[in-house]
Amino acid sequence: MTDAARPNATSVPRELYELLASMRFAISLLTVICIASMVGTVVKQHEPMGNYVNQFGPFWAELFGRLGLYTVYSAPWFLLILAFLVLSTSLCIARNTPKILADLRSFKEGVREQSLTAHHHKAIGDVHSAPSLALTEFSKLLLTRGWKFRVQRRDNGIMIAARKGAANKIGYLAAHSAIVLVCVGGLLDGDLMVRLVMWAQGKQPYTGSGLVSDVRAEHRLASSTPGFRANVFVPEGQRAATGLITLPSGVVLQDLPFEIELKQFKVEYYNTGMPKSFASDIVLRDLDGQGPERKATVRVNEPVIHRGIAIYQSSFDDGGSKLKLHAVPLEAGQAFEIEGRVGDKQTVAALGDQQLEIAGLRVINVENMGTSEAPTELKLGDHLGSGAKVRTNKDLRNVGPSFSYRLRDAAGQAREYNNYMLPVELDGQRVFLAGMRESAAEGFRYLRMPVDEKDSLDGFLNLRRALLDPAVRQRAAERYAAQGTPAGRADMQPQLLATTQQVLGLFAGAVADAAAPGTKDRPRGLAALSDFVERKVPEAERAKMSEVLLRILNGSLFELHKLAREAAGLPPPATDAATQAFMTQSVLALSDSLYYPAPYLLQLSSFDQIQASVFQVARAPGQKLVYLGAVLLIIGVFAMLYIRERRLWIWITPSPNEAGGSLVRLALSTTRDTPDNALVFDELRRAVLHEDDRPH
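For what it's worth, this note's numbering labels the leading residue of the sequence shown as 718, then goes sequentially.
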């Protein structure tokens, strides 16, 4: 290697060191971490990939996934930046600490007296005291005002070097040390420790399903893992000793040195239906049998610490509530009962190739039942409607339990349903709500079915079955035609009968025409009548024809209602306002129910609620470092912002103007020049030079 090449070779490590130890590099890294943290706050972390696809679209969802934006705080690039920030800040501390310590020990009493004239705050004057007496006087003055000083006697004078606010330098070290401690604590308490243990022990993420006890050892971490943060799901009356750590590529099971038994879960609600507080009564038992059984209560923000592991109340869920369901056929078939638990999957013969999955139970549903700002208009997508309306006043009520379930076909596609157990009063009409949606990205759309005089759904279901029975439709059409034919115009009855048959057939989706020959795509309900009018009637006559068809529909459906009640052994319906309201809602509900995509309506008969707690268990070796870092950061920021370092020099020489007196020159310097520095210096100048004692 030539001599010319050596400086370049040695300068590369030096330049790298200068870069890493520079404040601008640390600030740049801190800025990137702040931006990444903002992304981690805005983008929900650890969500299923399908949620991101629905939110961002396939292309961006995949791109963001490759960048690790769904697991920002455990992404390799984030941890690498954090590590570089620790390194850079540590080098800054190591580089500047010797200078700061040396500066703290130095009073700079060796400055030349001529240099005092270069300071912004400076003064000169005579005092009556000799230099030795002036030194004693000034020393007392400085001690009284909290200045530390050092005296240097020279051949031509005396130099007093004073200092105040040295803690400002300590603030620099404290603040930068806090950044290192917080970052190191974050690295220890994050996924880094788990990943290191997995790498060292050859563990692999688990991507399958099944019972926790069936998961093999290569997917489990021992209870001695130095640091982890896992979730533990415990239903009431059951116990668990294994936590679940979620990683981007799967899950890892974390064994605990003790088991958690949930005795009781307690929850209180606001009047809005939101949880107010929840707590879990638990029993802790050490698996090695060394410690006694311990009873404790875990509350939100009040964790229980056991064997160095903190147990937090994270959330709550259903723990496998037992449900009894009543399956009501919407067309042909017999009603039957279903028993199951939340989380169960079962095959029900009456549902064909669809598998029933009971998804959840919600005992409390608080809804705003105030009056709507517009009359009820039932629309759900094209056919069904939302269960909630825009309300002009607030009237919060608990409308009772609801349960949700999915029907999954052989291809794996599933529709989700949400049905209320009890009828709900909407706009003066009591209705049962049956909701459905095609995917989790959609909101539920509800079918509103009116109750009969017994507050039951039987009246509506009997009417629906009658509508779908061609023979009953024929009888209802004949009755309506016989009653609706004007007196003395018997010749009009066949035409009215044919029209009524067509109206009922179109409404029931049983009439095929040239525009809709296929049964599957044939319009039904009110949409079928609207389609018929638009295609068959001139535009000028459509409004009048629509009124006629609706009048025929309402009248013939009322005859259907009578026939349905006769078949059920019930008396004819009363001709009052309640019956009118029932029929009005029934027309809308019948129209929408024809698009309901399930052959059976499942109703909740009874339930036995079993709740479960979701605990977060954490062994956090970096927690104390983070707390210490927080304390140091507060001290450091306070010291740097509110403590000002000031240095004062007083140079004393025999006065050439006054025998036995002293010529005094003083100067003040500070790290930050602020308006109060001038006030401090003026006060010192008056005290040192005795300006207040002199005659004006």
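Glycine included, C-beta positions come from ideal geometry on N, C-alpha and C.
Of the listed residues the options, nearest to residue i (C-alpha basis)
i, options, result
"F1224", "A753, G827, L1274 and L804", "L1274"
"M915", "V949, G888, F945 and E1276", "F945"
"F1332", "E1400, F1033 and E1084", "F1033"
"G1346", "S823, G967, L898 and P1373", "L898"
"R1389", "L1401, E1362, G1160 and V1080", "E1362"
"A1127", "Q869, L1068 and S1303", "L1068"
"R1182", "A1337, N1271 and Y1317", "Y1317"
"S894", "L1358, N1374, G1377 and I1351", "I1351"
"L1358", "V911, P730, L1213 and A884", "A884"
"V1418", "K1039, I1055, G1036 and G1037", "It is not possible to answer for residue 1418, since the shown part of the chain is limited to 718 through 1413."
"L1307", "L1178, L1042 and A800", "L1178"
"R1196", "G1226, E1048 and H1278", "H1278"
"L1380", "I1369, T1301 and R1402", "I1369"
"R1058", "H838, K1039, A1049 and L1047", "K1039"
"M1300", "L747, G1176 and F1355", "G1176"
"E1010", "N1018, G1117, F855 and L1001", "L1001"
"L1321", "R870, V759 and L1042", "L1042"
"Q831", "R741, G874, G1060 and A851", "G874"
"L746", "G925, L780 and I896", "I896"
"L1164", "L1047, S1310 and A957", "S1310"
Cβ-based neighbour list, residue i, same chain, cut-off 7 Å, excluding 5 preceding and 5 following
i, result
"Y1122", "L1073, E1074, I1075, A1076, Y1134 and L1319"
"T1451", "With the chain running from 718 to 1413 in the structure shown, residue 1451 is simply not present."
"D820", "K886"
"L737", "L804, S805 and L808"
"H1407", "V844"
"A1404", "L858"
"D1393", "none"
"G1377", "A847"
Where the alpha helix (DSSP H) containing residue i begins and where it ends
i, result
"A1198", "P1187 to G1201"
"I810", "P793 to R822"
"K1261", "R1259 to A1284"
"V899", "A884 to D906"
"M755", "M740 to V759"
"V1304", "A1294 to S1310"
"D1248", "G1242 to K1253"
Cβ shell of residue i (< 8 Å), same chain only, five flanking positions each side left out
i, result
"F795", "I750, A753, G785 and V789"
"D1003", "P974, F975 and R1024"
"A1188", "none"
"P1020", "A1027, I1028, Y1029 and Q1030"
"W864", "A879, R880, K881 and L1365"
"H763", "Y787, T788 and T963"
"A1232", "With a pLDDT of 48 at A1232, under the threshold of 50, the modelled position of that residue is not reliable, and the figure given next carries that caveat. Contacts found: D1248 and R1252."
"V1220", "L1246, L1266, I1269, L1270 and S1273"
"L1342", "L898, V899, V901, G902 and L905"
"L1180", "L1274, L1277, H1278, A1281, S1303 and L1307"
"S856", "F866, V868 and I877"
Endpoints, beta strand (DSSP E) assigned at residue i
i, result
"Y1359", "Here Y1359 belongs to no beta strand (DSSP E); instead the alpha helix (DSSP H) covers Q1340 to Y1359."
"I1367", "R1363 to P1371"
"R1024", "No beta strand (DSSP E) contains R1024, which DSSP labels as neither H nor E."
"T1064", "K1062 to T1064"
"A1013", "R1011 to R1016"
"D1070", "No beta strand (DSSP E) holds D1070; DSSP gives it neither H nor E."
"P992", "P992 to D1003"
"G1057", "F1053 to R1058"
"N1136", "A1131 to Y1137"
"E1142", "V1141 to L1143"
"R1403", "That residue, R1403, is in no beta strand (DSSP E); its alpha helix (DSSP H) goes P1392 to L1406."
"F1462", "Absent from the model: residue 1462. The displayed extent of the chain is 718 to 1413, so no value can be given."
"M1153", "Q1146 to R1154"
"A1044", "K1039 to P1046"
"L1124", "S1119 to R1125"
Presumed contact (8 Å Cβ cut-off) between residue i and residue j, rounded CB distance
i, j, result
"Q1328", "E953", "6 Å"
"L964", "G1339", "So it is not a contact: roughly 19 Å between Cβ atoms."
"L1124", "R1132", "6 Å"
"D972", "L938", "7 Å"
"P1080", "Q1326", "The displayed chain sequence assigns Val, not Pro, to residue 1080. Contact holds; Cβ gap of about 6 Å."
"V1334", "V949", "6 Å"
Proximal residues to residue i (C-beta, below 6 Å), its chain only, five neighbours per side dropped
i, result
"F1149", "P1140, M1166 and L1174"
"G1235", "Because the pLDDT of G1235 is 46, which lies under 50, any placement of that residue in the model is unreliable, and the number read from its coordinates should be weighed accordingly. Closer than 6 Å at Cβ, skipping near neighbours: no residue."
"G888", "G1353, A1356 and M1357"
"A1158", "N771"
Closer than 8 Å to chain D by CB, residue i
i, result
"I841", "Protein chains in the displayed structure number just one, and chain D is not present."
Problem set entry | Every unbroken beta strand (DSSP E) within the region 843-876, with a cutoff of 3 residues, ordered by chain | 865-871
Exercise. If you scan the region 915-985 from start to end, which runs of the beta strand (DSSP E) of 3 or more residues do you find wholly inside it?
Worked result: 945-952 and 956-964
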